[in-house]
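Notes to accompany the following structure.
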Amino acid sequence: MVTAMKMPIESSRINPRKQPKQKRSIQRVENILNSAEFLIIKHGVSQLRMTDIAANAGVPVGSVYQFFPQKAAVLKAIMDLRLTSLAEDITTQLTDVRDEADARARLVDLIERGARLHRDNPLCREFWIAMSTDPDLGAMQYKAQEDIGALAMRWLGPFAGGGDGQGKHNRFLLVAVLSGAVFRAIAEKHERAWAMLDEWKKAACAMLFQPAQK
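Here is the structure:
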């Protein structure tokens, strides 16, 4: 089913023209988005064309434009779905944290899972490219990181140091932003990406939690 986290971005060029309501329309939009993902993986986001999406999906190009005004809107729809799935996964992984040691372990596991996703899924690299070249899509990046930081704070915050003020919120946001930078390096196959990941896992824990007991 096509449902997604709503991103508060005003630009009409990246928002859908309308939301599908009937079962047939929902299936058509899912088909369009699946087609776009396939083409992005095969040819890269820079080569994605609305006509190619339609041809691969087996629908008239007018059906694509019926829901999406341009390519950027298709990309945003895919990103919204991915972000919704990510938020659900984070919630599942962070519920029932027992203590600070467990919170540290959960944070490291989250970072490692994100790293593996960016290593194994070529869509991640293409999304980074899209966000770096399109200002409206780029605005999604910070909002998504802000949401992820707030979600992590909801579950890990009780075990983190620094009280409950804005400073703690900022640290969780910073962890989300810097994790994204490391993940991007992994997606782009930077030669030192995995070494940076090892250092970042330690730094992220130090940023959020009290020094580990020896």
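In this note's numbering, the protein residues as written are 187 to 400. Quick reminder that beta carbons are idealized off the backbone N, C-alpha and C, glycines included. What you are looking at is a predicted structure, and each value in this text was computed from that prediction instead of being measured.
Provide the residue span of the alpha helix (DSSP H) that contains residue i, from first to last.
| i | result |
| --- | --- |
| Ile297 | Glu286 to Asp306 |
| Asp333 | Pro321 to Leu342 |
| Glu385 | Ala379 to Leu394 |
| Thr281 | First-last for Thr281: undefined, no H or E at that position. |
| Lys228 | Lys209 to His229 |
| Asp350 | Here Asp350 belongs to no alpha helix (DSSP H), and DSSP marks it neither H nor E. |
| Gln205 | Counting along the chain, Gln205 falls outside any alpha helix (DSSP H), and DSSP gives it neither H nor E. |
| Val250 | Val247 to Phe253 |
| Ile239 | Met236 to Ala243 |
Check the C-beta distance from residue i over to residue j and give it rounded, since I have them as a contact under 8 Å.
| i | j | result |
| --- | --- | --- |
| Val363 | Gln331 | 5 Å |
| Lys204 | Met236 | With a Cβ gap of about 16 Å, Lys204 and Met236 do not count as contacting. |
| Ala263 | Pro202 | 6 Å |
| Asn242 | Phe253 | Their Cβ separation, rounded to whole angstroms, is 16 Å, which puts Asn242 and Phe253 out of contact at 8 Å. |
| Leu394 | Phe358 | 7 Å |
| Glu312 | Gly366 | Not really, about 15 Å apart at Cβ, beyond 8 Å. |
| Trp226 | Leu234 | Here residue 226 is Ile; the residue named in the question, Trp, does not match the sequence. The pair is a contact, with the Cβ atoms about 6 Å apart (cut-off 8 Å). |
| Leu323 | Leu261 | 6 Å |
| Ala259 | Arg199 | 7 Å |
| Val294 | Cys391 | 7 Å |
| Ile297 | Lys387 | 5 Å |
If you drop the 5 nearest sequence neighbours on each side, which residues of the same chain put their C-beta closer than 7 Å to that of residue i?
| i | result |
| --- | --- |
| Met265 | Phe313 and Met326 |
| Gly348 | Lys354 and Arg357 |
Apart from the five residues on each side of it in sequence, which residues of its chain come closer than 8 Å, Cβ to Cβ, to residue i?
| i | result |
| --- | --- |
| His355 | Gly335, Ala336 and Met339 |
| Ile372 | Ala301, His304, Arg305, Ala379, Trp380 and Leu383 |
Once the 5 residues before and after residue i are set aside, which same chain residues still bring their CB inside 6 Å of it?
| i | result |
| --- | --- |
| Ala389 | none |
| Pro308 | Ile227 |
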